[in-house]
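Residue numbers (our numbering), protein chains in the order written: chain F, 1 to 205; chain V, 1001 to 1205.
The next block holds one structure in the form of structure tokens; read it before the comments.
Number of protein chains: 2
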Amino acid sequence: MSSAASLGSMSTAARRARERAQRHQLIITAARELAETEGWEAVTTRRLAERVEYSQPVLYSHFGGKDGIVRAVALEGFTELTAALRRARESVQEHGPEDGTGRTLRAVGMAYWDFAARHPALYQAMFVLPTDLKFAHEETPQALRDAFGEFVAAFDPADPERLAMAEVSWASLHGLTTLGMSGRVPTATQTERIELLVTLLVGGG
Amino acid sequence: MSSAASLGSMSTAARRARERAQRHQLIITAARELAETEGWEAVTTRRLAERVEYSQPVLYSHFGGKDGIVRAVALEGFTELTAALRRARESVQEHGPEDGTGRTLRAVGMAYWDFAARHPALYQAMFVLPTDLKFAHEETPQALRDAFGEFVAAFDPADPERLAMAEVSWASLHGLTTLGMSGRVPTATQTERIELLVTLLVGGG
DNA sequence: ACAGTTGTTCTAGCGGCGCTAGCGAATGGC
DNA sequence: GCCATTCGCTAGCGCCGCTAGAACAACTGT
């Protein structure tokens, strides 16, 4: 406990921190790529260490364990999902305001499925693999709140059931997505199911 | 390849087959109980063998491997789920025919969530754990077809979109269920979400 | 320039996993 | 009573997540 003694060269410490951050991201990216190409069951600490050309214990110095790595990948996924949903929502909303036919929700829903279909392993890390990431909780990471916020933003702010509608839409899309990804409903007709779901949710007949 | 030679005593063979079937079920039940009390990650072939008081290889003589055991538990789950959904549906339909307010779907949806909440590990084996059980496939087990059939039966046979409606309702309920079970949406308000979903699906405003 | 201290990475190994080869003991047929 | 077959067991393979402690490198003050 030498307190603030031995601070060392500031720039040296900065460089080390930078290198460490780079390696941190390298591990996340390697785990994600390995999961996306061979599935999460192929992501072992040994194989991952070999990929990043460091020994196993290095992984444990960055993340608490394998769960921590999956968690980090999932968090990255939530940030990207939020960006994708926002892009879809804004691109629709700038072509005129919501007109009650669910144009916004349709665009967000399609973007949601598209995201999951393009990054199935990433989606699994976010929603399927066992994790301690909670949503409606005080210590929920901002990335998760933002993603949910995109669903909320697809509904009329004046709607008293706005939050509940966002929850139900999101969960329903999630159900369609997981069943589609695991091959339990045919993906060929997936967009039609999403169309139907959105139509029903926004009250169209 | 001694064809039908060495048949042995018929009754003896029958007793053996009976005992083997009992042990088969014993393994399934033990795996299910262990999963329900300690989670699927605690279900290992070693622990399971200890529970049923046989050695590990016995498990492999009954099921191809751990996946086969999970699959057997899942199949049992589909049979029970079908029974639960049918009970709910018939108990509603015998109190008068469908009137367009989604009484049937509401009962089926509630029974669905109730089933998952009561047997979370069983539900996971059926829908979350990696498995090769396909749904819309030629060799889909009857138990799975029957479960889906209960959703179909909740809609008007005259509706041309009947099958699509069943798919979407089922997937949406599945989404609410998984997010509820993993703590991603609060379970305290889960029935309200299901109410809202059903209302939206059947076209109520 | 150098000795000491601090921090970081690696080698090696623990217990447990899914799974299987091959042995030994019952069991039923001649 | 001997043989053939069936059946469950012991033992072990290669892998897993994870960690203790050695080996090394880097930075410090003199």
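Ideal placement from N, C-alpha and C gives every residue a C-beta, glycine not left out.
R193 (chain F) is positioned such that its CB atom lies no closer than 9 Å to that of F1135 (chain V). Of the candidates F:V152, F:Q56, F:E161, the residue whose Cα lies closest to the Cα of G109 (chain F) is F:V152. Judged by beta-carbon spacing, V202 (chain F) lies within the 9 Å limit of L105 (chain F), meaning their Cβ atoms are closer than that value. Between A1125 (chain V) and W1040 (chain V), the C-beta spacing is below 9 Å. With a threshold of 9 Å between beta carbons, A164 (chain F) makes contact with chain V.
Residue nearest to L197 (chain F) within the set F:R16, F:V58, F:A171, F:M181 is F:A171 (criterion: CA-CA distance). Of all residues in the region 44–65 of chain F, none comes within less than 8 Å of chain V when Cβ atoms are compared.
Annotation: Cβ neighbours of V128 (chain F) in chain V (cutoff 7 Å, chain order): V1128. Here R1047 (chain V) is exposed. Its C-beta has fewer than 16 other C-beta atoms within 10 Å. Rounded to whole angstroms, A72 (chain F) and V43 (chain F) show a C-alpha spacing of 14 Å. In terms of CA proximity to F148 (chain F), F:L85 leads the group F:G180, F:L85, F:G68.
Apart from the 5 residues on each side of it in sequence, R1023 (chain V) sits with its Cβ closer than 8 Å to the Cβ of V1052, Y1054, V1058, H1062 in its chain, given in chain order. Taken through DSSP and simplified to helix, strand or coil, T101 (chain F) comes out as coil. Here T177 (chain F) is not near G1064 (chain V), since their CB atoms are 9 Å or more apart.
Excluding the 5 residues flanking it on each side, P1120 (chain V) has same chain C-beta neighbours closer than 8 Å at E1036, M1181, in chain order. When DSSP assignments are scanned along the region 97–184 of chain F, the uninterrupted stretches of alpha helix (DSSP H) that are 4 or more residues long and fall wholly within it turn out to be 103–118, 120–127, 142–152, 162–181.
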